[in-house]
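Participant: Per the working numbering, the sequence shown starts with residue 202, numbered consecutively.
Don't be surprised by glycine CBs; every beta carbon is placed ideally from N, CA and C.
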Amino acid sequence: MSFSSEVKKELTQLDVSDGVMIALLRMNGTLGISNGLSLSITTENATTARFIYGALSEHYQIKSEIKTHQKTTLSKNRVYTIMITDNVSEILDKFELADSLLLDHGVPDSVKFDEKLRIGYLRGAFLSSGSLTNPENGKYHLEIASYYEEHAADLQSLLASFGIASKVIARKNKVVTYLANSEMMIDFLSLIGANHARFKFEDVKIFREMRNNANRQTNFESANIDKTVNAAQSVIEDIRYLQTQDKLPENLREIAMARIANPDATIVELGQKLEPPLGKSGVNHRLRKIKALAAESRQK
């Protein structure tokens, strides 16, 4: 099961609300006028189809019939259609959807000015056409697809009313409202009540950040080790050169021999091996003198 499907399954286990149903009917519903007025709600998600059918029957006492058929496109997905033929006009009036399904392509005004309806509508919108990449794949992306730009822009405004910043982009024959910020996605999951998915998302995000920090630390330490080894080898070459020229001063012999014997030691570790021990600045001072003497000797 995909991560999006897990989120939708969790959402269908929450209490039914008017906002959720308005979104599902608005975004998935189609009016028919053949042999009388009918309303059909279509989805390719079996869990969502069962949720709509059950909610209409148990919560709103609306009689419907569920049908399935196979797509003829390459994907060949199964399509679920919930058909309502009785009292359709009353249902449209109840959910203030008559204009939305015929003329108005945005979010119904009744939703925009009611916080509870806004939350429910966003939950229903994700159930209708939302998707969320699995955070374990390393990418964070959440989107809700709309058929109309006006509706996508309204979704963006609904999200903004809860402090969630989103963007809108046209993609093929749809307009997508999307989130690319992981913190905003966590806020969205929390807002629509998908708390189990939110906790899983947060756990994966924290684990990935810890792993990335550990990798960065390891890379940093490896780079420091390489730098130390390279610097040590350079000094060792200078020491051996001065030895062959018999130009290594007596006062630098102890640090020179310690460096040759401990090529991997850090400056601090090298200072601890001297008698008496020498601090970091003292060791650096002596090694710089060795390099300066070697450079001067080579120039001559």
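Just curious, the alpha helix (DSSP H) that residue 500 is in, first and last residue?
Facilitator: 481-500
Participant: Is residue 373 helix, strand or coil by DSSP?
Facilitator: coil
Participant: Measure the alpha-carbon distance for residue 286 versus residue 295 and round it to whole angstroms.
Facilitator: Here the C-alpha atom of residue 286 lies approximately 15 Å from the C-alpha atom of residue 295.
Participant: Does the distance from the C-beta atom of residue 362 to that of residue 297 stay below 9 Å?
Facilitator: no
Participant: Once the 5 residues before and after residue 348 are set aside, which same chain residues still bring their CB inside 7 Å of it?
Facilitator: 375
Participant: Whose C-beta lies closer than 7 Å to the C-beta of residue 307 among residues of the same chain, with five residues either side of it excluded?
Facilitator: Excluding residues up to 5 positions away in sequence, 351, 352 and 355 lie with their Cβ nearer than 7 Å to the Cβ of residue 307 in the same chain.
Participant: Could you say which of 359, 284 and 442 lies nearest to residue 242 if we only look at CA atoms?
Facilitator: 284
Participant: Just to confirm my understanding: we take residue 332, look at its own chain, exclude 5 residues before and 5 after, and list those with CB closer than 7 Å. What are they?
Facilitator: 205 and 344
Participant: What residue range does the alpha helix (DSSP H) around residue 254 cover?
Facilitator: 247-255
Participant: Nearest to residue 360 by alpha carbon, out of 240, 320, 224 and 329?
Facilitator: 320
Participant: Drop a sphere of 10 angstroms on the beta-carbon of residue 496, count the other beta-carbons inside from all chains shown, and report buried for 16 or more, exposed for fewer.
Facilitator: exposed
Participant: For the alpha helix (DSSP H) containing residue 306, name the first residue and the last one.
Facilitator: Unbroken run through residue 306: none, as it is neither H nor E.
Participant: What are the start and end residues of the alpha helix (DSSP H) that includes residue 322?
Facilitator: 316-330
Participant: DSSP three-state call for residue 213: helix, strand or coil?
Facilitator: helix
Participant: Within 10 Å of its beta-carbon, does residue 280 have 16 or more other beta-carbons around it, so buried, or fewer, so exposed?
Facilitator: exposed
Participant: Identify every residue that forms a DSSP beta bridge with residue 284.
Facilitator: For residue 284, the pairing in a beta bridge is given by DSSP as 241 and 266.
Participant: From the DSSP output, in three-state form, read off residue 341 for me.
Facilitator: coil
Participant: Which whole-angstrom value is the C-beta distance of residue 386 and residue 341, which I expect to be below 8 Å?
Facilitator: 6 Å
Participant: On the DSSP bridge list, what partners appear for residue 272?
Facilitator: In DSSP, residue 272 forms no bridge with anything.
Participant: Indicate the three-state DSSP secondary structure (helix, strand or coil) for residue 368 in the structure shown.
Facilitator: strand
Participant: Just to check my reading of the structure: residue 221 and residue 325 have Cβ atoms closer than 8 Å, yes? What is that Cβ distance to the nearest angstrom?
Facilitator: 4 Å
Participant: Taking C-beta to C-beta, are residue 443 and residue 459 nearer than 9 Å?
Facilitator: In this structure, residue 459 does not lie closer than 9 Å to residue 443 by Cβ.
Participant: Could you check the C-alpha separation between residue 329 and residue 338 for me, to the nearest Å?
Facilitator: 24 Å
Participant: Which residues bound the alpha helix (DSSP H) around residue 475?
Facilitator: No alpha helix (DSSP H) contains residue 475, which DSSP labels as neither H nor E.
Participant: Rounded to a whole number of angstroms, what is the C-alpha to C-alpha distance between residue 216 and residue 379?
Facilitator: 25 Å
Participant: Please list the terminal residues of the continuous beta strand (DSSP E) segment that includes residue 230.
Facilitator: 230-233
Participant: If I measure Cβ to Cβ from residue 270 and keep anything under 8 Å in the same chain, skipping five residues before and after, which residues do I get?
Facilitator: 279, 280 and 282
Participant: In the DSSP output, what is residue 333 paired with across the bridge?
Facilitator: 343
Participant: Quick one: what's residue 279 bridged to in DSSP?
Facilitator: 271
Participant: Are the beta-carbon atoms of residue 229 and residue 213 separated by less than 9 Å?
Facilitator: no
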